[in-house]
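Novice: Residues in the sequence shown are numbered consecutively from 1, following the numbering used here. Beta carbons are placed, not taken as given, at the ideal position from N, Cα and C, and that holds for glycine.
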Amino acid sequence: VQLQASGGGLVQPGGSLRLSCAASGSIFSINPMGWYRQAPGKQREQVALVSQTTSKTYADAVKDRFTISRDAAKNTVHLQMDRLRPDDTAVYYCYAHSLVTRADYWGQGTQVTVSS
1 VQLQASGGGL
11 VQPGGSLRLS
21 CAASGSIFSI
31 NPMGWYRQAP
41 GKQREQVALV
51 SQTTSKTYAD
61 AVKDRFTISR
71 DAAKNTVHLQ
81 MDRLRPDDTA
91 VYYCYAHSLV
101 TRADYWGQGT
111 QVTVSS
């Protein structure tokens with residue numbers, strides 16, 4: 001499984017950004033798929049995950065602000081981030097778990113900076 005992330009950047013507080021992650025390889029085995037983030041000096045934390053059945057889970061810190069979606073036809077997951085706050089600043093990593101290999105896969109990180 002290979003993951004290619006895109007999106008991210010610099011945005012003012014209250015603004016929006018959209019991250020995308022395209023999967024390739026043994027995509028039939030992926031479940032779930034989603035995003036983690038790591039802020040400077042902090043551990044990597046789960047942000048949002050979506051399953052093959054489109055069941056979604058969110059971290060409490062992003063509920064009602066972030067929306068994860070999965071485009072099965074394009075093997076892509078999107079993370080719409082609204083009402084961004086400075087504490088959302090982090091490197092965001094695309095994530096996928098393979099049910100076949102039972103391994104976790106990571107995309108390259110993409111920087112999200114929320115600052116005025």
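Looking at residue 56: is its Cβ nearer than 8 Å to the Cβ of residue 50?
Specialist: Closer than 8 Å, so yes.
Novice: For residue 3, decide whether its Cβ has a neighbour in chain D, counting only Cβ atoms nearer than 8 Å.
Specialist: In summary, chain D is missing from the structure at hand, where a single protein chain is found.
Novice: Going by beta carbon distance, what residues of the same chain come within less than 6 Å of residue 113, once the five residues before and after it are set aside?
Specialist: Once the five neighbours on either side are set aside, the close Cβ partners of residue 113 are 10, 89.
Novice: Only counting the same chain, and skipping five residues up and downstream in sequence, which positions put a Cβ closer than 6 Å to that of residue 69?
Specialist: If we look at residue 69 and ignore the five residues flanking it on each side, its Cβ neighbours are 78.
Novice: Residues in the same chain with beta-carbon distance under 8 Å from residue 13, minus the five sequence neighbours each way, listed in chain order, please.
Specialist: Cβ within range, chain order: 84, 85, 86, 114, 115, 116.
Novice: Measuring alpha carbon to alpha carbon, tell me which of 73, 65, 108, 2 ends up nearest residue 26.
Specialist: Of the listed residues, the one whose Cα sits closest to residue 26 is 2.
Novice: Output yes or no for whether 8 Å exceeds the beta carbon distance between residue 45 and residue 58.
Specialist: It is not a contact, given that the beta carbons lie outside the stated cut-off.
Novice: Got a sec, what are the start and stop residues for the beta strand (DSSP E) residue 30 sits in?
Specialist: Where residue 30 is concerned, the enclosing beta strand (DSSP E) stretches over 30-38.
Novice: If we ignore side chains and look at the alpha-carbon of each, how far apart do residue 75 and residue 106 end up?
Specialist: Residue 75 and residue 106: Cα-Cα distance of roughly 15 Å.
Novice: Would you kindly work out how many angstroms separate the C-alpha atoms of residue 71 and residue 43, rounded to a whole number?
Specialist: Cα-Cα distance, rounded: 29 Å.
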